[in-house]
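Okay, so here's the structure we're looking at.
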C-alpha cells in the first residue's frame, strides 16, 4: 500500500515538472 502511494506521488511530481516546463516554454515564446 505504501509503495503504491510513493509511486503515485512520484508520478504526480513528474506531471508537475512537465507542466512547469510547458508553462516556462509558453512564457518564453511570448
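Numbering (the numbering used here), first residue to last: 4 to 33. Heads up, the beta-carbon is just placed ideally off N, CA and C, and yes, glycines get one too. A quick note: this is a predicted structure, and the numbers were derived from the prediction, not measured.
Tell me which residues share the same chain as residue 18 and place their Cβ nearer than 8 Å to its Cβ, disregarding the 5 neighbours each side in the sequence. none
Return the chain-ordered list of same chain residues with a C-beta closer than 6 Å to the C-beta of residue 8, the five sequence neighbours on each side being excluded. none
Three-state class that DSSP yields for residue 4 in the structure shown: coil
To which residues of the same chain is residue 15 closer than 8 Å at the C-beta, ignoring the five residues directly before and after it? none
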